Amino acid sequence: MRKVYITGIGFITSIGNDAPTVSESLRELRHGMALYPPFQKADIPVKVAAIVKDFAVDSPDAEDWVFPARYTIKREILRGMAPHGIYAYCAMIQAIEDARLGTAEISNRQTGLYAASGGSPFLLSHFLERMRRLGVMRCQPLGIVASVAGTLNFNLVAHFKIKGASTGFASACASSAHGLGFAYDEIALGRQERMFVVGAEDNNVENILPFAGMRALSIQTDPSIASRPFDAARDGFVGTGGASVLVLESEDQVARRGARVYCEVAGWGQASDGYNVAISHPEGEGLRHAMENALRAADLTPEAVDYINAHATSTPIGDISEAKAIKAVFKTNLTRPAVSSTKALTGHGLSLAGAMEAGFCALAIKEGFMPGSAHITNLDPACAGLNIIRATLPNRPSVVLSNSSGFGGANVCLVLRGVA
Amino acid sequence: MAPAANPSSGVQLKPFTAEDDANLREALKRCSAATYEAAAQFRKTGNTEHLPAIVLGIIERYVEPDLRAKLKDPDDDLRIIEDLGIDSLTMMEIVILVEDVLQMSINNEELRHLRTVGDLKIFIDCKVRGLPLPQPTRFLPIEQIASVMPIQPPFLFLGEASVSAHGANAKYKISGQEFFLQGHFKDDPVLPASIMLEALGQLAVLFLLEGSVGEAGKSVDPKKIFFTSCEGVRCHRICRPGEVLTLSIKPKRLKLPLATFEGNIRVGQEKAAIVEEITLTFAFAEELAQPQPEAAPSEVPVADGAQTPSLPNEASA
Chain A
7 MRKVYITGIG
17 FITSIGNDAP
27 TVSESLRELR
37 HGMALYPPFQ
47 KADIPVKVAA
57 IVKDFAVDSP
67 DAEDWVFPAR
77 YTIKREILRG
87 MAPHGIYAYC
97 AMIQAIEDAR
107 LGTAEISNRQ
117 TGLYAASGGS
127 PFLLSHFLER
137 MRRLGVMRCQ
147 PLGIVASVAG
157 TLNFNLVAHF
167 KIKGASTGFA
177 SACASSAHGL
187 GFAYDEIALG
197 RQERMFVVGA
207 EDNNVENILP
217 FAGMRALSIQ
227 TDPSIASRPF
237 DAARDGFVGT
247 GGASVLVLES
257 EDQVARRGAR
267 VYCEVAGWGQ
277 ASDGYNVAIS
287 HPEGEGLRHA
297 MENALRAADL
307 TPEAVDYINA
317 HATSTPIGDI
327 SEAKAIKAVF
337 KTNLTRPAVS
347 STKALTGHGL
357 SLAGAMEAGF
367 CALAIKEGFM
377 PGSAHITNLD
387 PACAGLNIIR
397 ATLPNRPSVV
407 LSNSSGFGGA
417 NVCLVLRGVA
Chain B
547 MAPAANPSSG
557 VQLKPFTAED
567 DANLREALKR
577 CSAATYEAAA
587 QFRKTGNTEH
597 LPAIVLGIIE
607 RYVEPDLRAK
617 LKDPDDDLRI
627 IEDLGIDSLT
637 MMEIVILVED
647 VLQMSINNEE
657 LRHLRTVGDL
667 KIFIDCKVRG
677 LPLPQPTRFL
687 PIEQIASVMP
697 IQPPFLFLGE
707 ASVSAHGANA
717 KYKISGQEFF
727 LQGHFKDDPV
737 LPASIMLEAL
747 GQLAVLFLLE
757 GSVGEAGKSV
767 DPKKIFFTSC
777 EGVRCHRICR
787 PGEVLTLSIK
797 PKRLKLPLAT
807 FEGNIRVGQE
817 KAAIVEEITL
827 TFAFAEELAQ
837 PQPEAAPSEV
847 PVADGAQTPS
857 LPNEASA
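Chains A and B, in that order, are what the protein sequence lines are.
For this note's numbering, count along the first sequence from 1 and bump the result up by 6.
For this note's numbering, count along the second sequence from 1 and bump the result up by 546.
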């Protein structure tokens with residue numbers, strides 16, 4: 007199988023809207039949380055969210071949206087997009103510039119795009135309300151493509167004139183990790199030369215607050231400790247949105263273009279819990295198998311792993327499941343891999359999480375650091391024994407695992423490897 | 547409260563409340579102030595004179611800023627897709643806003659044939675007044691022109707053409723290969739003025755054949771159209787090989803057996819020739835294809851834009 011490399015990254019996240027800012031935030035453990043104004047109401051127990059800065063996309067009318075001046079986006083492109091579509095569009099521009107791709111290298115039969123988002127409940131509810139109020143023929147013509155699941159790939163594939171493989175992934179919080187895994191397969195199997203992998207989510211009330219109903223959100227009022235994976239006092243995740251884009255290329259393309267490389271995607275694995283629609287397996291069984299499958303696919307032993315970017319979202323049950331899964335995989339060698347959850351800084355980006363965190367790991371490998379697991383005061387005893395790093399380490403990891411788990415018990419583990 | 551009718555336009559007036567006004571302002575917030583003013587006046591008075599300003603104002607709002615200059619001097623032949631860069635989805639957005647602002651419904655089928663700004667203006671005018679819809683502008687490529695015309699190359703001086711109920715337009719590029727240019731003039735090819743007049747006459751023939759002229763079930767016989775007279779012919783400019791003539795004719799009177807048109811020729815924005823009147827004789831074809839059940843109007847109609855009467859379907863289609 008051909009080797010696959012990450013050659014470009016783009017970020018619109020709560021901890022930065024470009025790779026240098028994100029890298030600095032990760033190293034200095036600077037979080038993106040704040041008291042989110044729309045949550046400051048008596049009947050909303052959740053107060054904190056991790057907010058993308060420099061974008062104003064809370065109007066259902068795309069022409070009201072404000073975004074950084076370096077991006078110029080025409081009305082005809084905006085009108086079919088959800089708020090997370092514009093984040094992703096901007097992250098695509100960054101990734102394309104970062105990978106130094108020309109128009110012909112983006113638009114050809116050998117270049118594809120896999121994307122993941124949960125759609126836009128915000129726009130969908132707005133359009134349905136309008137349909138009920140004004141009648142079916144007064145619906146925005148592009149209301150559907152702007153709001154349903156799939157909106158991300160519809161828009162990006164069309165606007166960037168992608169001609170290779172394209173589809174969307176819907177495995178909730180594992181979605182963009184699935185996207186990256188299957189994009190890797192496309193290149194490794196020789197079906198495509200280059201793939202864009204995109205994860206994105208709206209950053210608004212409609213995307214975040216429904217998780218309050220299942221008591222999955224932190225009700226902390228202090229933004230600086232609301233998200234604290236592995237801490238004994240963690241009480242749920244902090245919602246976020248944004249977008250991350252990765253450019254994957256075959257070794258042939260990297261050689262041909264003389265492309266700069268962040269790291270290799272060495273393989274991936276997945277496995278399902280077969281247990282509960284919303285609760286992770288108490289022993290982390292699916293995730294354990296996903297990690298084992300990933301290591302086998304990459305032809306690596308657990309001893310080779312330097313750093314694990316955990317899925318850990320700061321929920322009481324989920325973090326422990328993952329800790330148990332890691333213990334089961336690394337058994338006797340438990341203290342070797344450093345473990346951290348960058349969700350302490352970013353919050354949980356749902357479909358965005360996998361691509362965003364794979365992007366973080368790529369930065370960590372290229373720039374030589376391992377981001378700490380922030381906001382831990384008292385480590386949960388159930389996580390004892392793991393090498394959970396509380397401060398950023400200045401060491402370059404050469405083999406990294408990035409875990410993601412989604413509803414239904416879907417688990418994905420990506421293996422990234424430094425280039426010697 | 548019973549709806550009142552504006553006596554001059556036939557528009558059914560509904561009360562225009564403060565809430566309606568607020569909704570109208572919101573709906574038109576990205577249009578010019580003049581568009582809102584025209585829409586508010588129309589909603590209050592039913593005066594259809596405001597319709598062109600409303601329709602143009604709404605179109606302008608959806609046209610990319612760099613193309614808006616084309617709407618400053620609105621030409622009814624401006625093509626919505628080709629000239630203004632509006633795609634079918636944007637057209638739908640325009641329609642939804644027009645429906646909202648004018649309180650009317652438009653169905654998809656009616657939209658399909660609207661090609662020009664003029665088509666859209668006339669269409670909305672007819673819809674608002676409850677009048678039957680006119681034949682929209684049709685665009686004919688050279689092959690189609692040649693297939694219907696009694697005049698053929700090398701003496702056919704029409705390239706692509708468009709025909710509506712109100713007239714016809716065409717382009718003709720002087721290739722330099724025209725046989726008569728060898729002698730007109732010696733070592734100095736100039737399009738003869740008589741050929742300019744001929745080209746306008748040919749466009750009038752095309753209008754008679756393709757422009758919905760004719761009573762129901764009857765079509766104009768291409769073999770029975772002949773030149774009769776012309777008045778007020780003035781040439782303003784010499785036309786040479788490589789230049790593109792923009793030809794335009796409008797019917798002034800159509801009453802069997804005479805059809806009188808006015809016409810002009812431009813090269814870019816420059817006036818090349820004007821004909822105040824050019825008159826042809828014509829006759830309907832003898833045989834009837836399939837008599838239409840609807841009663842035919844007694845007179846051959848001339849669409850004048852202000853009050854478009856019912857036009858029979860073209861029998862030659």
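Glycine included, each C-beta is placed from N, C-alpha and C at the ideal position.
Computed from a predicted structure; not experimentally measured.
Check	Outcome
Entirely enclosed alpha helix (DSSP H) segments - the stretch 155 to 200 of chain A, minimum 4 residues	157 to 165 and 181 to 194
DSSP-derived helix/strand/coil call for A/SER2	The question about residue 2 of chain A has no answer, for chain A in this structure spans 7 to 426.
Euclidean distance between Cα positions of A/ASN161 and A/THR173	11 Å
Within chain A, the residues that B/MET638 reaches when beta carbons sit closer than 7 Å	PRO147
Cβ contact check for the stretch 328 to 347 of chain A and the stretch 576 to 585 of chain B: 3 or more pairs under 8 Å	no
Other residues of its chain near A/ILE15: CB distance less than 8 Å, five sequence neighbours each side excluded	ALA25, GLN100, ALA101, ASP104, SER250, VAL251, LEU252, VAL253, TYR268, GLY365, ALA368 and LEU369
Simplified DSSP state of A/ASP228, which is helix, strand or coil	coil
Residue range of the beta strand (DSSP E) that includes A/SER278	269 to 278
Own chain, CB closer than 7 Å to A/GLY187, minus 5 neighbours either side, in chain order	TRP274, GLN276, VAL418 and LEU420
Partner residues on chain B for A/ARG144, Cβ-Cβ distance less than 8 Å	ILE642, GLU645 and ASP646
A/GLN259 burial status per 10 Å Cβ neighbour count (16 or more: buried)	buried
B/LYS616 to B/LEU630 span [Cα, whole Å]	8 Å
Classification of A/LEU140 by the beta-carbon crowding that lies within 10 angstroms, buried from 16 upward	exposed
Among A/GLU328, A/GLN226 and A/PRO89, nearest to A/TYR42 - alpha-carbon criterion	A/GLN226
Under 7 Å between C-beta atoms of A/SER357 and A/SER123	yes
At least three beta-carbon pairs within less than 8 Å, the stretch 690 to 700 of chain B to the stretch 778 to 786 of chain B	no
CB contact check: B/LEU635 to chain A, cutoff 7 Å	yes
Contact the stretch 390 to 399 of chain A vs the stretch 290 to 298 of chain A: 3+ CB pairs below 8 Å	no
Buried or exposed (CB count within 10 angstroms, at least 16 for buried), A/ALA180	buried
Environment of A/ASP208 [buried if 16+ CB atoms lie within 10 Å]	buried
Endpoints, the beta strand (DSSP E) within which B/MET742 is located	Not the beta strand (DSSP E): B/MET742 falls in the alpha helix (DSSP H), residues 739 to 756.
Buried versus exposed, by CB contacts within 10 Å (16 or more), A/MET220	exposed
Chain-ordered neighbours of B/SER651 on chain A, where CB pairs are closer than 8 Å	MET143
C-beta atoms of B/THR806 and B/ARG799 nearer than 7 Å	yes
DSSP beta-bridge partners of A/ASN417	A/ALA277 and A/SER411
Touching by the beta-carbon criterion (3+ pairs, under 8 Å), the stretch 153 to 172 of chain A and the stretch 111 to 127 of chain A	yes
Option nearest B/PHE830 by Cα separation, candidates B/ILE771, B/LEU602 and B/PHE726	B/ILE771
Same chain, Cβ closer than 6 Å to A/GLY156, neighbours up to 5 away in sequence not counted	GLY174
Residue closest to B/LYS801, alpha-carbon to alpha-carbon, out of B/HIS596, B/THR827 and B/LEU743	B/THR827
Three or more C-beta pairs below 8 Å linking the stretch 663 to 670 of chain B and the stretch 716 to 727 of chain B	no
Cβ-Cβ distance between A/LEU406 and A/LEU385 below 7 Å	One point to set straight first is that residue 406 of chain A is Val, not Leu, in the sequence displayed. Contact: no.
Contact set between B/ARG576 and chain A, taken where Cβ atoms lie within less than 8 Å	GLU69
Nearest to B/PRO803 (by Cα), restricted to the options B/GLY809, B/ARG783, B/VAL759 and B/PHE725	B/VAL759
Runs of alpha helix (DSSP H) wholly within the stretch 616 to 666 of chain B (minimum 4 residues, chain order)	634 to 648 and 654 to 657
9 Å Cβ cut-off: residues of chain B touching A/GLU135	Within 9 Å Cβ-Cβ: nothing; A/GLU135 doesn't reach chain B, min ~15 Å.
Start and end residues, beta strand (DSSP E) containing A/MET39	39 to 41
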